[in-house]
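Remarks on the structure that follows.
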Amino acid sequence: MIYYYYPTTSNLTNDINTAIGEIIKVVQYIEWNLLNRLGINTFAEMTLGQIVDMIRKSEILPNDKVNSLEKILGKRNHLIHQYFKKLDFEKHSDNLSFLDNQKKYLNNFLTQAQSFNSWLCK
């Protein structure tokens, strides 16, 4: 089956799309700030996974923050590489409960990423 994306104008769908964009933006800021902490050119072509590995080895962050960072990495990777493949948004486009649950999940992730980035910038 081939899926085609037909943009909808529902508020929930717009909120979901906005949250995804904000998550991507905030996680890129986290990458930038981590590279600054490591003293590496912030435009270095490294994956977030590579950066997290360097952070872990450098021991410049407390263990609880490294654990939080690894959770952010896992969620970000899932969002970028699996989220739409595993969750059939076409099938559930009219399922308000499904959409609301996804909005809550994404907003929780966004809050987690924003909190980590705020801490990182202190």
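The sequence shown maps to residues 24 to 145 in my numbering.
Glycine residues also receive a C-beta, built at the ideal position from the N, C-alpha and C atoms.
Checklist entry - Could you give the uninterrupted runs of the beta strand (DSSP E) lying entirely in the stretch 78–105, keeping only those of 3 residues or more? => result none
Item to check | Gly62, enclosing alpha helix (DSSP H) - first and last residue | outcome: Taken as a continuous stretch (DSSP letters only), Gly62 belongs to no alpha helix (DSSP H), as it is neither H nor E.
Next on the checklist: Once DSSP output is grouped into helix, strand and coil, what is the label at Thr70?
Outcome noted: coil
Item to check | Opening and closing residue of the alpha helix (DSSP H) in which Ser141 lies | outcome: 119–143
Item to check | Meets three-Cβ-pair contact criterion under 8 Å: the stretch 55–63 and the stretch 96–104 | outcome: no
Checklist entry - Between the Cα of Ile95 and the Cα atoms of Lys109, Ile47, Asn40, which residue gives the shortest distance? => result Ile47
Checklist entry - By how many angstroms is the C-alpha of Ile43 removed from the C-alpha of Gln125? => result 10 Å
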